[in-house]
Amino acid sequence: MALDVDYEAYLSGLEQSKETKLLSEELLNGYQI
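Using my numbering, the letters of the sequence shown map in sequence onto residues 2 to 34.
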């Protein structure tokens, strides 16, 4: 059970890091324009 919860947290963390990376890239692109 605990492993399942940790895995869920790990996956949600991956999703958040992906979104954060996309956001930062969009901000950088916006500044370049």
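Backbone N, C-alpha and C define an ideal beta-carbon position, used for all residues, glycine too.
Span separating the alpha-carbon of residue i from that of residue j
i     : j     : result
LEU15 : TYR32 : 26 Å
ASP7  : GLU26 : 28 Å
LEU23 : SER13 : 15 Å
ASP5  : LEU29 : 36 Å
ALA10 : GLN17 : 10 Å
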